Structure formats: C-alpha cells, structure tokens
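Undergrad:
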Amino acid sequence: MATTIATVSITSGDLTPGSPLAVNATSTLMKTGLTTGMTMMEMGSVDIAKDYEGQLFADGPATDNGAYFIYICNKSTDATYYMEYKLHETEIGRLYAGDWMWVPYNASDADAEVEVKGKTGINTIEYAMFKSAWTLPAAEA
Amino acid sequence: MATITATINVTSDILSYPIAISKTMTMKKAGTSIGLDETLGLRTKKFNSTTAAEIATLGDLTNDGAHKIYIRNASTSKANFFYVAYHNSAAAADTAETIGKLYGGDWMLMPYNGSTDINVASSTTEIQYLEYMVFADGVVEALG
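Heads up: the protein sequence lines correspond to chains V and P, in order. Mapped onto this note's numbering, the consecutive letters of the first sequence carry residue numbers 1 to 141. Mapped onto this note's numbering, the consecutive letters of the second sequence carry residue numbers 1 to 144.
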C-alpha cells in the first residue's frame, strides 16, 4: 500500500498583533471511505494562454463520487497574472502568481470536469492529482 | 498589511521514485503585492445531522477577490466525510458545483472568488467537527 501524506502550515505573526496565527494539519490520503492508501496519481506542468480555457482533468476517467485530491500551483511571477479554477463552467476561485491550492475532488456528476482558464498573460502551472480510482479512455478501433 | 504564509508539503511513494511537493505562498490581494489583512476568524463547528450549512456567504466578501478558504474535517473516521460545494443551497453529491469530499483528517486550502456561497454537509448523523477559516481579500463594510 502506498502512503501519501499532505501537510499544511498557515502562519502569520502580524495578522492579529499579540496573537500569532499558526494553523497546522496533516492528512494521509485514503481511497474512498477506506483505510487503504491511494495508489494512483499523475502530475505535470502546462502553459495556459491568456483567455484559453481547458480541461485539466476530465471527469470521464474518474469514478463518480469518488475520492481524489488536486494540487495546482501558479508558477507565474507577475503579480497581475492569474488563472481561474473552474468546475465545469463555474469559476470557483482565482489562483494568482505564486499561489497554490489543494482541494478534494469527487467527480460529482457527468459535468464535473476540472477546468483552468489563463488570465492576463501566459500562466505556467504545475499540477498533480492523487486518485482512488481511474479508468483509462477506451482504445480506439 | 499583514503577512500570511501557507506552506504545503506532499510526500508519496505511489511511484517508483519519491514524490515531494513543497511550496510556500504569501496570501496577497488580487493582482498586487499587498498582503491579505482580514479573515472571518478560525471556527470549529459541530455537526450531528446531514443538514447543509453555509461557511462562506455570498455578499460577505468582495466579489472576484483573491479570497482563500481553509477547511479541515477535524474528526477521525475515514468512513464519514463532509461534502464541500460552491452553491447557493444545500451541498450534496450531485450539486453543481460539488467540489469534493473531506474524510476524517482531510484538509483543503482553495482560492475562492466570493461570488457564491460555500456550503458543507456531513455524510452522517454521527458527530463530526469541521474547522474552517476564510482569508479575505475584502470584507463588506456592513459585516462585523
């Protein structure tokens, strides 16, 4: 069984003067509802042109209502650059230069693909998905 | 202006070579180098039903901002979970848009544009605790 561990540390010494912020968490990624670790993943890097909207992860290979985790980091350095994080055609949030995100994904229905859209300029992103189940697209005849 | 940093580390032995993701970000206002300086506070909420609850509300934050939300299922059961959804009504498995599921111990940190509610719903009537915090790129003046 593979072991995948994700930790986060959120800190600030001056957000609330006299009361430093320190939020820490650690999780071990498991398959859907089980105590066995995830065994599949993919990762990569891609440039997204300004106003181009593409699928980072199609929903077809994923098991509906499964357990997945997605990491995306916007590697751009110009503070005005950002990419939109979308599910199907709905923008959830904006990942600005230098930002990263770590979110669960469950392929909730047939229209739940993970999409990204470049804004302002060419955004270079790194990404990874950790999967509890995945089916390769069928071979073409 | 405050300085809020968030660091992620992910290690895995899924592949035959080690995976080690490590990245630190400083949370900034949209399109600037100015740090975020507002939050809606760190909260813990107890759930003992499957009724959905809003943890971020449309209208509390400036629209199209560089907000971020941290959420953690503070319970330990890997059989139970919370749905998290970007939606203006109850979160559910097939709600547009359900973001994903947080099982016991799982956490997430995601960007949020403030244009719709963020809802959560427990999968069980057993007691579960959710920990969450909104880092805001602007809170509306009327919200205390």
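Backbone N, C-alpha and C fix where the C-beta goes; we use that ideal spot for every residue, glycine too. Values in this document were obtained by computation on a predicted structure and should not be read as measured data.
For chain V, check one thing: does any of its Cβ atoms lie closer than 8 angstroms to the Cβ of P:ASP13?
TA: It does; some Cβ of chain V falls within 8 angstroms.
Undergrad: Applying the 10 Å Cβ sphere with the 16-neighbour rule, what's the burial state of V:ALA25?
TA: Flag for V:ALA25 reads buried.
Undergrad: Among P:ASN63, P:ALA52, P:SER33, P:SER16, which has the Cα closest to the Cα of P:PRO111?
TA: Here the closest residue by C-alpha is P:ASN63.
Undergrad: In terms of residues, what are the limits of the beta strand (DSSP E) holding V:CYS68?
TA: Reading the sequence as shown, one finds Tyr at residue 68 of chain V and not Cys. Here the beta strand (DSSP E) through V:TYR68 covers 68 to 74.
Undergrad: In this structure, does DSSP put P:GLY104 in helix, strand or coil?
TA: Three-state result, P:GLY104: coil.
Undergrad: My understanding is that V:LYS75 touches V:ILE125, with C-beta atoms under 8 angstroms, so please give their C-beta distance in whole angstroms.
TA: With a Cβ gap of about 6 angstroms, V:LYS75 and V:ILE125 count as contacting.
Undergrad: How many whole angstroms separate the CB atoms of P:THR39 and P:MET133, which I take to be in contact at a CB cut-off of 8 angstroms?
TA: Right, their Cβ atoms sit about 6 angstroms apart.
Undergrad: Cβ atoms of V:MET101 and P:LEU109: under 8 angstroms apart, would you say?
TA: Yes, these two residues count as a Cβ contact at 8 angstroms.
Undergrad: Looking at the C-beta of V:PRO20, does it have a partner C-beta in chain P at a distance below 8 angstroms?
TA: Judged by the 8 angstroms Cβ criterion, V:PRO20 is not in contact with chain P.
Undergrad: Are V:TYR85 and V:ALA97 touching if we call contact CB-CB under 8 angstroms?
TA: Going by C-beta atoms, V:TYR85 is not nearer than 8 angstroms to V:ALA97.
Undergrad: Among residues of its own chain, excluding the 5 on either side of P:ASP106, which ones have a beta-carbon nearer than 8 angstroms to its beta-carbon?
TA: So the list reads ARG72, ASN73, PHE81, once near-sequence residues are dropped.
Undergrad: In its own chain, which residues sit with a C-beta less than 7 angstroms from the C-beta of V:ALA2, not counting the 5 before and 5 after it?
TA: The answer, listed in chain order, is GLY37, MET38, THR39.
Undergrad: In the DSSP assignment, what are the bridge partners of P:SER12?
TA: Answer is V:THR4, P:ILE19.
Undergrad: Is there a C-beta anywhere in chain P that falls below 8 angstroms from the one on V:GLY99?
TA: Note that residue 99 of chain V corresponds to Asp in the displayed sequence, not to Gly. It does: the Cβ of V:ASP99 has a partner Cβ on chain P nearer than 8 angstroms.
Undergrad: Does any residue of chain P bring its CB to less than 8 angstroms from the CB of V:GLY118?
TA: No, its Cβ sits nowhere closer than 8 angstroms to a Cβ of chain P.
Undergrad: Within 8 angstroms, do at least three Cβ pairs link the region 55 to 74 of chain V to the region 127 to 136 of chain V?
TA: Output reads yes: the region 55 to 74 of chain V touches the region 127 to 136 of chain V.
Undergrad: Tell me the DSSP bridge mates of P:MET110?
TA: P:MET110 is bridged to P:ILE69.
Undergrad: With a threshold of 7 angstroms on Cβ separation, who are the neighbours of P:LYS28 within its own chain once the five nearest residues in sequence on each side are excluded?
TA: Excluding sequence neighbours, P:LYS28 sits near ILE34, GLY35, LEU36, ALA66.
Undergrad: With a Cβ-Cβ cutoff of 8 angstroms, do V:VAL23 and P:TYR129 count as a contact?
TA: For V:VAL23 and P:TYR129, no; Cβs fall outside 8 angstroms.
Undergrad: Any residues in the region 85 to 109 of chain V with a beta carbon nearer than 8 angstroms to a beta carbon of chain P? Which ones, in chain order?
TA: Of all residues in the region 85 to 109 of chain V, TYR85, LEU87, HIS88, THR90, GLU91, ILE92, GLY93, ARG94, LEU95, TYR96, GLY98, ASP99, TRP100, MET101, TRP102, VAL103, PRO104, TYR105, ASN106, SER108, ASP109 have a Cβ within less than 8 angstroms of some Cβ in chain P.
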